[in-house]
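Enquirer: If you read the sequence shown in the working numbering, its first letter stands for residue 45, the second for the next number, and so on.
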Amino acid sequence: MTQKSFPLTAEFIAAANTTAEQYANNYQQSIASSKASDNFWAERAEWIDWFKKPTKISDVSYDLDDFRIKWFEDGELNISVNCLDRHLRNNPYKPAIIWEGDHPSQHKIVSFKELHAEVCRLGNAMRKLGIKKGDRVTLYMPMIPEAMVAMLACARIGAVHSVVFGGFSADSLGNRIIDSQSKLVITADEGLRGNKHTPLKVNVDRALDMDGTQSVDKVIVVHRTGNSIPMSGRRDVWYHTLIGGESEHCEPEVMNAEDPLFLLYTSGSTGKPKGVLHTTGGYITYALSTFRDVFDIKDDDVYWCTADVGWITGHTYSTYGPLANGTTTVMFEGVPEYPTWARVGHIIDKHKISVLYTAPTAIRSMMKEGDTFVRESDRSSLRLLGTVGEPINPEAWDWYYHVVGGGRCPIVDTWWQTETGGILLAPIPGTVALKPGAAMNPLYGIKPEVVDSDGEVLEGPAEGNLAISNSWPGQMRTIYNDHQRFLQTYFTEYPGYYFTGDGAHRDEDGHYWITGRVDDVLNVSGHRLGTAEVESAVDAHPATVEAAVVGMPHDIRGVGIAAFIILRSGEVANEYLKSEINRHVRNEIGPIANLNAIYIVDALPKTRSGKIMRRILRNLAAGQYVGLGDLSTLADSSVINQIIEVVKVEREQNRNQC
Ligand code: WTA
Numbered sequence: 045m046t047q048k049s050f051p052l053t054a055e056f057i058a059a060a061n062t063t064a065e066q067y068a069n070n071y072q073q074s075i076a077s078s079k080a081s082d083n084f085w086a087e088r089a090e091w092i093d094w095f096k097k098p099t100k101i102s103d104v105s106y107d108l109d110d111f112r113i114k115w116f117e118d119g120e121l122n123i124s125v126n127c128l129d130r131h132l133r134n135n136p137y138k139p140a141i142i143w144e145g146d147h148p149s150q151h152k153i154v155s156f157k158e159l160h161a162e163v164c165r166l167g168n169a170m171r172k173l174g175i176k177k178g179d180r181v182t183l184y185m186p187m188i189p190e191a192m193v194a195m196l197a198c199a200r201i202g203a204v205h206s207v208v209f210g211g212f213s214a215d216s217l218g219n220r221i222i223d224s225q226s227k228l229v230i231t232a233d234e235g236l237r238g239n240k241h242t243p244l245k246v247n248v249d250r251a252l253d254m255d256g257t258q259s260v261d262k263v264i265v266v267h268r269t270g271n272s273i274p275m276s277g278r279r280d281v282w283y284h285t286l287i288g289g290e291s292e293h294c295e296p297e298v299m300n301a302e303d304p305l306f307l308l309y310t311s312g313s314t315g316k317p318k319g320v321l322h323t324t325g326g327y328i329t330y331a332l333s334t335f336r337d338v339f340d341i342k343d344d345d346v347y348w349c350t351a352d353v354g355w356i357t358g359h360t361y362s363t364y365g366p367l368a369n370g371t372t373t374v375m376f377e378g379v380p381e382y383p384t385w386a387r388v389g390h391i392i393d394k395h396k397i398s399v400l401y402t403a404p405t406a407i408r409s410m411m412k413e414g415d416t417f418v419r420e421s422d423r424s425s426l427r428l429l430g431t432v433g434e435p436i437n438p439e440a441w442d443w444y445y446h447v448v449g450g451g452r453c454p455i456v457d458t459w460w461q462t463e464t465g466g467i468l469l470a471p472i473p474g475t476v477a478l479k480p481g482a483a484m485n486p487l488y489g490i491k492p493e494v495v496d497s498d499g500e501v502l503e504g505p506a507e508g509n510l511a512i513s514n515s516w517p518g519q520m521r522t523i524y525n526d527h528q529r530f531l532q533t534y535f536t537e538y539p540g541y542y543f544t545g546d547g548a549h550r551d552e553d554g555h556y557w558i559t560g561r562v563d564d565v566l567n568v569s570g571h572r573l574g575t576a577e578v579e580s581a582v583d584a585h586p587a588t589v590e591a592a593v594v595g596m597p598h599d600i601r602g603v604g605i606a607a608f609i610i611l612r613s614g615e616v617a618n619e620y621l622k623s624e625i626n627r628h629v630r631n632e633i634g635p636i637a638n639l640n641a642i643y644i645v646d647a648l649p650k651t652r653s654g655k656i657m658r659r660i661l662r663n664l665a666a667g668q669y670v671g672l673g674d675l676s677t678l679a680d681s682s683v684i685n686q687i688i689e690v691v692k693v694e695r696e697q698n699r700n701q702c
């Protein structure tokens with residue numbers, strides 16, 4: 045593993061909020077004992093405006109017989125007040141959101157005062173529709189300011205938002221509505237990305253035709269593109285007519301620190317996506333505090349996180365973290381290649397962006413187009429770069445550092461998960477020389493451990509699975525409707541620890557490198573998909589009998605999807621059928637579930653007890669046909685040769701086509 049490290053520039057260190065010594069001291073103090081940890085978080089909670097300050101800090105036990113995770117449990121607050129009202133005192137006209145539209149001719153600046161007014165109007169309107177504290181509201185939105193308005197308006201009135209990524213299909217949306225039993229859906233007529241329209245409202249209509257979605261009374265529709273869409277008179281209402289007459293004052297709901305704030309569905313290694321539940325006081329304390337530390341935030345920063353609001357990064361580090369800090373957050377509706385691959389650089393220059401936070405997959409796709417596009421911009425406003433979502437390969441890191449950042453901006457490689465609510469591992473900038481590909485150090489209050497497959501905690505340099513031995517305020521509290529699955533997934537494998545599902549290496553300096561998922565979760569372009577989910581979508585196609593899905597190396601996406609499929613007898617394996625199956629999967633889940641390779645096989649490698657041996661399929665999908673390891677547990681080892689033949693032929697064909 046490369047150990048090349050990049051020292052920070054003297055200018056950066058001189059201006060940084062945190063010194064190496066401060067990090068070391070604060071970190072040690074924050075984990076010295078549970079009392080010390082409580083003291084640390086009590087101090088951080090001072091950064092929040094509480095209606096009632098908490099007197100109890102943490103009450104946590106990972107013991108399955110007596111399990112609980114509570115933070116600031118007697119505190120009372122409202123998150124929208126923290127993100128909006130309190131900034132009106134000193135900075136009412138500071139831009140809260142800078143919105144850059146799909147087309148470069150469109151942008152909009154929304155001040156904290158304007159955002160506050162709009163959130164209040166929508167909050168009032170939702171209350172009139174009968175939405176109360178604790179009710180679930182599903183958001184299916186494009187990247188427009190109204191998406192953040194809707195999240196904050198839910199927080200204002202105590203409703204629990206469940207944002208569903210606008211790239212998910214009607215089916216995926218419907219399933220999430222059924223699980224959350226939402227009363228209200230907020231959407232737009234259409235989404236617009238790269239000058240392509242996405243039929244959001246039509247998808248909502250389809251989703252609401254599904255059995256089990258009768259909980260939804262109303263659909264609020266934001267007018268985005270203006271193309272004609274069907275509106276159902278009783279159920280559907282336009283956003284602008286609804287909020288037009290509403291007051292700019294909306295009494296914030298008093299929330300207990302442990303009241304739910306949002307649900308966000310994410311894929312696991314088994315079954316259907318799970319509703320990760322985050323609560324109020326701990327989440328916002330963690331979002332605010334980690335945002336300030338990791339991005340070295342100053343008052344005049346213009347911060348751009350490219351994540352869609354449909355993912356956790358769009359929640360914590362586009363919306364809540366920046367706004368709670370009073371930081372200007374940039375929201376981009378479009379895609380990096382429209383109108384040309386120079387767009388990202390142009391946006392940086394246009395809005396004088398100082399901190400850029402994006403994903404390795406985006407960096408790789410820009411890198412592939414060459415340097416000329418990026419060099420159309422000067423990017424001198426940038427001072428810090430960040431990355432998230434998957435391990436960053438050294439080539440992409442180098443390019444991000446030297447070309448995008450001009451060799452002056454540190455890169456914070458941030459490791460975290462939907463479940464963790466906020467970043468757990470990252471090099472706080474100014475405190476440590478960077479190693480490309482390493483997430484480096486634990487943040488304050490986090491105790492990571494590397495454990496082996498028997499659950500032994502390893503000391504010193506080590507390779508194994510990543511677990512966390514304590515709790516932090518931003519941690520998820522449960523899986524909505526399935527607390528048992530929550531305990532089973534995260535706290536059973538290694539009793540007494542939170543198990544992350546990731547592998548990690550700790551080097552001789554004590555720095556952490558994430559090596560990728562160790563379970564059946566695929567990380568495609570930094571987005572999570574469960575193999576089980578993709579398999580059941582393939583299985584649902586009438587021509588298939590059974591499928592096994594594994595990850596495969598992919599230049600841009602990091603991980604691509606390979607499907608090994610057995611067809612029903614009488615079906616003929618041809619290119620048409622394969623693209624038909626792919627279309628079907630994309631329709632069921634969404635375009636992110638694109639199958640990069642489809643292998644039609646006679647049988648799957650199974651153990652005698654009928655379990656698919658994915659390890660073998662992963663090797664074959666990566667083009668490794670020898671050294672497949674122990675095959676003795678296979679029920680019938682002859683299936684391997686047939687699969688190898690299929691894979692070889694396909695890969696050869698693809699190579700010829702490229
Ligand atoms: C992966 C995204 C390596 C990891 C915030 C994790 C990373 C999963 C990094 C969570 C990183 C995230 N380096 N891998 N810096 N950040 N991951 O829930 O496998 O969408 O478990 O949250 O992404 O994905 P999720």
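Glycine included, C-beta positions come from ideal geometry on N, C-alpha and C.
For serine 226 and arginine 165, which I take to be in contact (beta-carbon distance under 8 Å), what is that distance rounded to the nearest angstrom?
Expert: Along the sequence shown, one-based indexing puts residue 226 at 182. Along the sequence shown, one-based indexing puts residue 165 at 121. Actually they are not in contact, since the Cβ atoms of serine 226 and arginine 165 sit about 21 Å apart, beyond 8 Å.
Enquirer: Would you decide whether phenylalanine 306 is buried or exposed? Buried here means 16 or more other CB atoms lie within 10 Å of its CB.
Expert: Taking the sequence shown and counting its residues from 1, the one referred to as residue 306 is at position 262. Buried, because 16 or more other Cβ atoms sit within 10 Å of the Cβ of phenylalanine 306.
Enquirer: Can you give me the C-alpha to C-alpha distance between threonine 575 and aspartate 546, rounded to a whole angstrom?
Expert: Your numbering for residue 575 matches position 531 in the sequence shown. Your numbering for residue 546 matches position 502 in the sequence shown. Cα to Cα, threonine 575 sits roughly 16 Å from aspartate 546.
Enquirer: Can you name the start and end residues of the beta strand (DSSP E) that lysine 650 belongs to?
Expert: By 1-based counting over the sequence shown, the position of residue 650 is 606. Unbroken run through lysine 650: none, as it is neither H nor E.
Enquirer: What are the boundary residues of the beta strand (DSSP E) that includes alanine 506?
Expert: Within the sequence shown, residue 506 is the residue found at index 462, counting from 1. Unbroken beta strand (DSSP E) run through alanine 506: 506–512.
Enquirer: Can you tell me whether valine 266 is buried or exposed, with buried defined as 16 or more other CB within 10 angstroms of its CB?
Expert: In the sequence shown, the residue the question calls residue 266 occupies position 222. It counts as buried.
Enquirer: In this structure, does DSSP put glycine 466 in helix, strand or coil?
Expert: Numbered from 1 along the sequence shown, position 422 holds the residue referred to as residue 466. Glycine 466 falls in the coil class under three-state DSSP.
Enquirer: On the DSSP bridge list, what partners appear for valine 399?
Expert: Counted from its first residue, the sequence shown places residue 399 at position 355. DSSP output for valine 399 lists Tyr347, Leu428 as bridge partner(s).
Enquirer: Do you know offhand how far tyrosine 524's Cα is from glycine 465's?
Expert: Position 480 of the sequence shown, counted from the start, is the residue given in the question as residue 524. Position 421 of the sequence shown, counted from the start, is the residue given in the question as residue 465. Their Cα atoms are separated by approximately 15 Å.
Enquirer: Would you call the CB atoms of methionine 299 and threonine 269 closer than 9 Å?
Expert: What you label residue 299 is simply residue 255 of the sequence shown in a count that begins at 1. What you label residue 269 is simply residue 225 of the sequence shown in a count that begins at 1. No, the Cβ-Cβ distance between methionine 299 and threonine 269 is not below 9 Å.
Enquirer: Output needed for valine 495: all residues of its chain with C-beta closer than 6 Å, excluding positions within five of it in sequence on either side, in chain order.
Expert: The residue you call residue 495 lines up with position 451 of the sequence shown. Around valine 495: Val501, Gly508, Asn509, Ala511, Tyr538.
Enquirer: Between the alpha carbons of glycine 504 and glycine 540, how many angstroms are there, rounded?
Expert: Here residue 504 is taken as the residue at index 460 of the sequence shown, counted from 1. Here residue 540 is taken as the residue at index 496 of the sequence shown, counted from 1. When rounded, the distance between both Cα atoms is 20 Å.
Enquirer: Could you tell me how far apart the beta carbons of alanine 587 and glutamate 615 are, in whole angstroms, since I believe they sit closer than 8 Å?
Expert: Taking the first residue of the sequence shown as 1, we reach residue 587 at position 543. Taking the first residue of the sequence shown as 1, we reach residue 615 at position 571. Indeed they touch by this definition, with Cβ atoms about 4 Å apart.
Enquirer: Count the other C-beta atoms from every protein chain shown that fall within 10 angstroms of the C-beta of lysine 176, then say buried if there are 16 or more, exposed otherwise.
Expert: Locating residue 176 in the sequence shown gives position 132, where the first residue counts as 1. Lysine 176 should be labelled exposed.
Enquirer: Since I believe tryptophan 94 is in contact with leucine 121 (beta carbons under 8 Å), could you give me their beta-carbon distance rounded to a whole number of angstroms?
Expert: As a working mapping, residue 121 is identified with position 77 in the sequence shown. As a working mapping, residue 94 is identified with position 50 in the sequence shown. Correct: roughly 5 Å between the Cβ atoms.
Enquirer: Would you call the region 282–302 and the region 148–168 in contact, with 3 or more CB pairs under 8 Å?
Expert: Contact holds: three or more Cβ-Cβ distances are below 8 Å.
Enquirer: Should serine 398 be flagged as near chain B, meaning a C-beta pair shorter than 9 Å?
Expert: Considering every chain present, this structure includes no chain B. It has just one protein chain.
Enquirer: Quick one: is arginine 703 buried, meaning 16 or more other Cβ sit within 10 Å of its Cβ, or exposed?
Expert: What the structure shows of the chain is the stretch from 45 to 702, and residue 703 is not part of that stretch, so it cannot be assessed.
Enquirer: Quick check on the DSSP output: the beta strand (DSSP E) that includes tyrosine 184 runs from which residue to which?
Expert: Here residue 184 refers to the residue found at position 140 when the sequence shown is read from its first residue. First-last of the beta strand (DSSP E) with tyrosine 184: 180–184.
Enquirer: Within this structure, are the beta carbons of isoleucine 36 and threonine 462 separated by less than 9 Å?
Expert: Residue 36 cannot be examined here, being either before or after the span of the chain that is shown, 45 to 702.
Enquirer: Does the ligand WTA have even one heavy atom less than 8 Å from the beta-carbon of arginine 601?
Expert: Numbered from 1 along the sequence shown, position 557 holds the residue referred to as residue 601. No, the Cβ of arginine 601 stays beyond 8 Å of every heavy atom of the ligand WTA.
Enquirer: Suppose only complete runs of 3+ residues qualify. What are the beta strand (DSSP E) ranges in the region 106–159, listed by chain order?
Expert: Correct list: 112–115, 139–144, 151–155.
Enquirer: Determine the direct distance from the alpha carbon of isoleucine 101 to that of glutamate 117, and round the result to whole angstroms.
Expert: What you label residue 117 is simply residue 73 of the sequence shown in a count that begins at 1. What you label residue 101 is simply residue 57 of the sequence shown in a count that begins at 1. So the two alpha carbons sit approximately 7 Å from each other.
Enquirer: Does the Cβ of histidine 549 lie closer than 8 Å to at least one heavy atom of the ligand WTA?
Expert: Taking the sequence shown and counting its residues from 1, the one referred to as residue 549 is at position 505. Incorrect: histidine 549 has no Cβ contact closer than 8 Å to the ligand WTA.
Enquirer: Please indicate yes or no: does the CB of proline 480 lie closer than 8 Å to some heavy atom of the ligand WTA?
Expert: Along the sequence shown, one-based indexing puts residue 480 at 436. No, the Cβ of proline 480 stays beyond 8 Å of every heavy atom of the ligand WTA.
Enquirer: For histidine 628, which residues from the same chain have a beta carbon less than 6 Å from its beta carbon, with the 5 sequence-adjacent residues on both sides left out?
Expert: In the sequence shown, counting from the first residue as 1, residue 628 sits at position 584. Same-chain partners within the cutoff: His585.
Enquirer: Cutting at 7 Å between CB atoms, please list the residues of its own chain near glutamate 590, excluding the five before and the five after it.
Expert: If you number the sequence shown from 1, residue 590 lands on position 546. So the qualifying residues of the chain are Asp583, Ile610, Leu648.
Enquirer: Counting pairs of beta carbons, one from the region 380–393 and one from the region 466–477, are three or more of them closer than 8 Å?
Expert: Output reads no: the region 466–477 does not touch the region 380–393.
Enquirer: Do you know whose CA, among Glu696, Glu579, Ser513, lies nearest leucine 566's CA?
Expert: The residue you call residue 566 lines up with position 522 of the sequence shown. The candidate whose alpha carbon is nearest that of leucine 566 is Glu579.
Enquirer: Less than 9 Å between the beta carbons of tryptophan 115 and alanine 301, yes or no?
Expert: Here residue 115 refers to the residue found at position 71 when the sequence shown is read from its first residue. Here residue 301 refers to the residue found at position 257 when the sequence shown is read from its first residue. Closer than 9 Å, so yes.
Enquirer: How many Å lie between arginine 336 and tyrosine 401 at the Cα?
Expert: In the sequence shown, residue 336 corresponds to position 292, counting from 1. In the sequence shown, residue 401 corresponds to position 357, counting from 1. When rounded, the distance between both Cα atoms is 14 Å.
Enquirer: Which residue comes first and which comes last in the beta strand (DSSP E) that contains tryptophan 282?
Expert: Within the sequence shown, the letter at position 238 stands for residue 282. Per DSSP, tryptophan 282 belongs to the beta strand (DSSP E) from 280–282.
Enquirer: Report the three-state DSSP secondary structure of cysteine 702 (helix, strand or coil).
Expert: Residue 702 sits at position 658 when you count from the first residue of the sequence shown. Its pLDDT being 49, under 50, cysteine 702 is placed unreliably by the model, and nothing is read from it.
Enquirer: Beta-carbon within less than 7 Å of alanine 368's beta-carbon, same chain only, minus the 5 sequence neighbours each way: which residues are those?
Expert: For the purposes of this step, residue 368 is taken as residue 324 along the sequence shown, with counting starting at 1. Asn126, Cys127, Ile328, Ala331, Leu332, listed in sequence order.
Enquirer: Quick check on glycine 604: does DSSP put it in helix, strand or coil?
Expert: Reading the sequence shown from its first residue, position 560 is the one you call residue 604. Residue state, collapsed to three classes: strand.
Enquirer: Mapping the DSSP letters down to three states, classify arginine 408 as helix, strand or coil.
Expert: For the purposes of this step, residue 408 is identified with residue 364 of the sequence shown, where counting begins at 1. In the structure shown, arginine 408 sits in a helix (DSSP, three-state: H, G or I).
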